[in-house]
Amino acid sequence: AAKNSGRNRYAWFDLSMERELQARNELESGLRAAIPRLEIVPYFEQQIDLTTGRLGGFEVLARWEHPTRGLIVPDKFIPIAEETGMIADLSLSIMRQAFVAAKDWDPGLSLSVNISPWQLKDAWLAQKIIKVLTETGFPASRLEIEITESSLFDNLALAQSIVGSLKNQGIRLALDDFGTGYSSLAHLRALPFDRIKIDKSFVMSINDNSESAAIVNAITRLGDSLNLPITAEGIEDASIEERLRALGCSKGQGYLYGRPLSVANVRRLLAEKGCCAMPCRSSPSPRR
Ligand code: C2E
Ligand code: MG
Ligand code: MG
Ligand code: MG
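To convert a position in the sequence shown, counted from 1, into the UniProt record's numbering, add 247.
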């Protein structure tokens with residue numbers, strides 16, 4: 248009996264592993280078809296200028312509008328896109344769609360797009376991005392590229408040359424999720440960053456966790472001494488916003504200002520706000 252149940256157990260493991268593998272394969276082939284069908288679309292998360300309370304631009308975030316499964320978040324498909332090399336096409340498709348939409352918005356509004364460290368191995372990356380800018384008519388000066396620090400520089404010389412070409416066009420560079428990778432400080436010197444983004448894990452817990460508060464404090468002072476402006480992500484309530492403003496963070500984003508929006512909903516938002524002439528929040532809290 249023991250032998251039997253053991254065998255059943257193995258059979259059960261095999262079956263669940265097989266199902267997992269099958270689900271992954273389905274996701275992978277689904278993704279391959281989804282990119283040319285433009286099912287992977289940009290959503291836009293508001294970035295607020297914390298000194299004025301006004302909308303400064305948006306972070307572009309990938310979403311999969313799956314025909315039967317609804318909206319799928321990037322954690323589910325970006326890793327697969329990276330492992331299979333599809334991230335290159337996916338990324339350029341997201342950029343193209345975002346630039347086409349945003350070029351008609353207020354010219355004061357910037358876009359931040361995420362680049363996977365994996366893409367920095369493509370010697371033609373800068374040329375490809377510049378081509379999409381040219382074809383869509385979106386100005387390079389309104390574009391910021393976010394790079395996460397995890398396993399950032401397999402080929403540092405190549406990454407530096409790609410980034411150099413992008414910066415020559417007037418594109419800005421932000422170090423994303425700062426504080427979560429290893430040897431963060433070394434990364435800061437490896438590429439000519441224009442901005443640091445503090446990871447949401449520290450920002451969200453700043454009121455409940457003294458270590459998070461100390462880390463956010465240290466990062467803002469580091470930004471001061473290096474002359475790098477700071478964006479805080481994950482601002483979920485007004486008290487967190489107030490603390491980050493007091494610490495001198497120049498930009499903030501998070502659910503306090505709303506969830507990431509589809510193109511149609513951004514248009515609605517901009518129409519409501521008189522296209523960015525007014526503070527972005529309908530009822531701004533009294534300041535200072
Ligand atoms: P990220 O660049 O750090 O993006 C911020 C993530 O935090 C977004 O999740 C956003 O929706 C979420 N977030 C923003 N504010 C809050 C908040 O107040 N509270 C909480 N709990 N969460 C908040 P999302 O959209 O699921 O994106 C996750 C990650 O996926 C991004 O992290 C980014 O690294 C990656 N990603 C998204 N789109 C792309 C893309 O087009 N290309 C690449 N390479 N990566 C992407
Ligand atoms: Mg980002
Ligand atoms: Mg981030
Ligand atoms: Mg993050």
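Glycine included, C-beta positions come from ideal geometry on N, C-alpha and C.
Reducing DSSP to helix, strand and coil, say where residue i ends up.
i           : result
residue 423 : strand
residue 269 : helix
residue 533 : Any answer about residue 533 is weak, because its pLDDT of 40 lies below 50 and its placement is not dependable; what the coordinates show is given next. Reduced to three states, the DSSP call for residue 533 is coil.
residue 357 : strand
residue 365 : helix
residue 520 : coil
residue 440 : coil
residue 411 : helix
residue 289 : strand
residue 277 : helix
residue 482 : coil
Please report the distance separating the alpha-carbon of residue i from that of residue j.
i           : j           : result
residue 536 : residue 387 : The question about residue 536 has no answer, for the chain in this structure spans 248 to 535.
residue 461 : residue 448 : 13 Å
residue 363 : residue 393 : 9 Å
residue 315 : residue 277 : 11 Å
residue 438 : residue 373 : 15 Å
residue 367 : residue 295 : 28 Å
residue 268 : residue 326 : 15 Å
residue 506 : residue 500 : 10 Å
residue 458 : residue 468 : 15 Å
residue 351 : residue 357 : 12 Å
residue 463 : residue 432 : 14 Å
residue 417 : residue 342 : 17 Å
residue 498 : residue 489 : 12 Å
residue 504 : residue 286 : 26 Å
residue 383 : residue 339 : 12 Å
residue 375 : residue 456 : 43 Å
residue 426 : residue 445 : 7 Å
residue 453 : residue 495 : 15 Å
Would you check whether ligand 1 has a heavy atom nearer than 7 Å to the C-beta of residue i?
i           : result
residue 447 : yes
residue 325 : yes
residue 499 : no
residue 401 : no
residue 331 : no
residue 309 : yes
Any chance the CB of residue i is under 7 Å from a heavy atom of ligand 2?
i           : result
residue 423 : yes
residue 361 : yes
residue 306 : yes
Do residue i and ligand 3 come close, with the Cβ less than 7 Å from some heavy atom?
i           : result
residue 520 : no
residue 444 : yes
residue 391 : no
residue 382 : no
residue 480 : yes
Inset, instruction - Count the CB pairs spanning the stretch 301–315 and the stretch 274–291 that are closer than 8 Å, and state whether there are at least three. - result: By the Cβ criterion, the stretch 301–315 is in contact with the stretch 274–291, since at least three pairs of Cβ atoms, one from each stretch, lie closer than 8 Å.
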